[in-house]
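Taking our numbering, I'd label the letters of the sequence shown as residues 2 to 387.
Positions of the beta carbon are idealized from the N, C-alpha and C atoms, including for glycine.
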Amino acid sequence: MARPAVVTSPEDAEGYSAPRVIVPEGKGWRQCWSYVGPGFLVAIAYIDPANFESDLKAGAAYKYTLLWALLLASLAGLFIQSLSANLGIVTGKHLAQHCRLEYPWALNFVLWLIAELNIIASDIPQVVGTAFALNLLFHIPLWAGVLITGCSTLLLLALERFGARPLEALMALLVLLIAGCFVAEMVKALQPSDVGELFKGMVVPQLKDLGALAVAISILGATVMPHNLFLHSALVLSRKHAGTTRAIRTATHYSLLELALALFISVIINVAIIAVAGTVCNSASLPPGAAEACANISISNAYVLLKDVLGGWAGTLFGVALLASGQSSTVTGTYAGQYVMQGFLELRISTWLRNFITRLVAIVPALLVALLFGAKGASLLIILCS
């Protein structure tokens with residue numbers, strides 16, 4: 002299938018200056034394919050290390066009974082994200098730009114500050130999660146992993162110079178890699194007798210105690226990410242269509258379909274994480290040492306737990322998935338920060354400098370915690386920021 006052409010002219014999409022994808026005229030798969038990409042970058046926020054942490058705790062403590070909360074949060078995310086995408090498609094400006102144009106300076110500054118703090122709070126778990134993955138797979142110290150993550154993120158963001166397509170393709174491949182890792186683990190862990198209970202957890206709302214309520218809230222908080230609204234409304238500007246009413250309707254239609262597909266894959270990943278943790282930690286034949294690990298499960302010890310219970314390959318797959326999740330989510334988090342700073346403040350500074358500033362504000366606290374408090378402190382930081 003031929004690759005969609007790109008164009009560098011930003012005249013009808015003020016908030017997007019990188020080379021843009023030209024949407025072909027007419028109907029068919031070529032036109033549909035040209036819209037594939039933004040939804041996968043958005044879906045990464047649904048499978049970042051903070052979601053891993055929440056899913057592991059939900060599965061270990063309550064098995065499959067909180068799967069309904071995950072599905073509800075994902076449906077809410079689909080609705081909210083579709084509104085964000087439509088805003089960008091219809092108006093040609095992203096959400097941060099609209100805030101700057103609609104609100105007085107003081108309120109606009111407050112909104113910018115809140116958005117930046119949210120991005121920092123979302124970005125820290127992603128940086129720490131990637132550092133954990135590097136430590137698990139390659140025995141790199143956490144503090145060094147934090148620094149490597151910052152540098153690698155800036156290198157990956159350089160792909161934007163070549164247009165939206167290369168970065169979108171890389172992020173989509175990482176999403177599929179994460180899905181492959183966890184689906185393989187779920188197939189290994191699940192027993193035939195667990196399938197009925199799994200589906201029951203998806204459709205029957207249950208809250209066994211206040212602890213379950215707290216975990217359900219953490220799932221919601223880790224799934225519906227405010228910075229994604231700014232990001233999605235900007236990413237859809239990377240598509241250049243005819244600008245007619247019909248073209249705009251077509252764009253909103255394909256954008257929704259692509260988003261639904263990407264979020265469906267993210268749901269499969271989150272269900273698989275909860276299912277694996279729920280099956281392993283609620284097994285009648287769980288070894289005594291593993292039971293203690295389940296009681297305090299986190300992304301820092303899940304690698305060892307899965308390795309001991311399911312086999313060495315399971316621990317490796319978890320590490321690979323965590324690395325892919327952390328690295329991809331740091332890219333999209335920095336991307337969102339770029340649009341927030343550009344849209345609210347209308348700063349005319351170079352892209353690399355904006356990315357460097359956004360990266361720095363997440364790396365510094367993560368680096369300090371890794372140096373001062375080690376793995377336990379870093380794991381607690383993920384929970385607090387979620």
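Straight-line CA distance for residue i to residue j?
{"i": "C182", "j": "V268", "result": "14 Å"}
{"i": "A371", "j": "A122", "result": "16 Å"}
{"i": "A86", "j": "V188", "result": "35 Å"}
{"i": "E347", "j": "T92", "result": "18 Å"}
{"i": "G222", "j": "A51", "result": "9 Å"}
{"i": "L138", "j": "S286", "result": "27 Å"}
{"i": "P227", "j": "G312", "result": "38 Å"}
{"i": "I364", "j": "I298", "result": "24 Å"}
{"i": "L257", "j": "I45", "result": "16 Å"}
{"i": "V43", "j": "F231", "result": "10 Å"}
{"i": "N302", "j": "F133", "result": "10 Å"}
{"i": "I249", "j": "K28", "result": "14 Å"}
{"i": "H99", "j": "F345", "result": "8 Å"}
{"i": "R21", "j": "G327", "result": "27 Å"}
{"i": "P288", "j": "T253", "result": "52 Å"}
{"i": "L88", "j": "K94", "result": "8 Å"}
{"i": "M2", "j": "R31", "result": "A caution first: M2 carries a pLDDT of 42, below 50, which makes its placement in the model unreliable, though a value can still be read off. C-alpha separation (whole angstroms): 8 Å."}
{"i": "G38", "j": "G290", "result": "43 Å"}
{"i": "I220", "j": "Q192", "result": "25 Å"}
{"i": "I141", "j": "R247", "result": "53 Å"}
{"i": "V205", "j": "G197", "result": "12 Å"}
{"i": "G279", "j": "Q343", "result": "43 Å"}
Go ahead and label residue i buried or exposed: buried means 16 or more other beta carbons lie within 10 angstroms of its beta carbon, across all protein chains shown.
{"i": "L168", "result": "buried"}
{"i": "E54", "result": "buried"}
{"i": "A77", "result": "exposed"}
{"i": "V341", "result": "buried"}
{"i": "T245", "result": "exposed"}
{"i": "G338", "result": "buried"}
{"i": "E161", "result": "buried"}
{"i": "E26", "result": "exposed"}
{"i": "R360", "result": "buried"}
{"i": "R4", "result": "Caution is warranted here: a pLDDT of 48 is assigned to R4, below 50, making its placement in the model unreliable, and the coordinate value is therefore given only provisionally. The residue is exposed, with fewer than 16 neighbouring Cβ atoms inside 10 Å."}
{"i": "A243", "result": "exposed"}
{"i": "I218", "result": "exposed"}
{"i": "A190", "result": "buried"}
Would a C-beta distance cut-off of 7 Å place residue i and residue j closer than the cut-off?
{"i": "G40", "j": "E259", "result": "yes"}
{"i": "I23", "j": "K241", "result": "yes"}
{"i": "L394", "j": "S234", "result": "Limits of the chain in this structure are 2 at one end and 387 at the other, which puts residue 394 out of reach."}
{"i": "L323", "j": "G151", "result": "no"}
{"i": "I125", "j": "A367", "result": "yes"}
{"i": "A180", "j": "I270", "result": "yes"}
{"i": "L143", "j": "A379", "result": "yes"}
{"i": "L79", "j": "L264", "result": "yes"}
{"i": "V128", "j": "T331", "result": "yes"}
{"i": "S213", "j": "Y63", "result": "According to the sequence displayed, residue 213 carries Ala and not Ser. Closer than 7 Å, so yes."}
{"i": "C33", "j": "Y255", "result": "yes"}
{"i": "L306", "j": "A315", "result": "no"}
{"i": "V277", "j": "A74", "result": "no"}
{"i": "P103", "j": "L318", "result": "Per the sequence shown, residue 103 should be read as Glu rather than Pro. The answer is no: Cβ separation not under 7 Å."}
{"i": "A159", "j": "S239", "result": "no"}
{"i": "V281", "j": "V310", "result": "yes"}
{"i": "S329", "j": "M172", "result": "yes"}
{"i": "L177", "j": "A325", "result": "no"}
Tell me residue i's beta-bridge partners as DSSP assigns them.
{"i": "K241", "result": "I23"}
Quick check: does the Cβ of residue i come within less than 6 Å of any heavy atom belonging to the ligand COA?
{"i": "F110", "result": "Only the bare structure without any ligand can be found here, which leaves the ligand COA out of the picture."}
Problem - Three-pair Cβ contact test at 8 Å for the segment 138–151 versus the segment 372–383 - result: yes
Exercise for the section: Count the CB pairs spanning the segment 63–83 and the segment 201–216 that are closer than 8 Å, and state whether there are at least three. Expected result: yes
Handout entry: Inter-stretch contact at 8 Å, needing at least 3 Cβ pairs: the segment 352–371 / the segment 153–163
Key = Yes, they touch.
Problem - At least 3 beta-carbon pairs within less than 8 Å: the segment 98–118 vs the segment 293–301 - result: no
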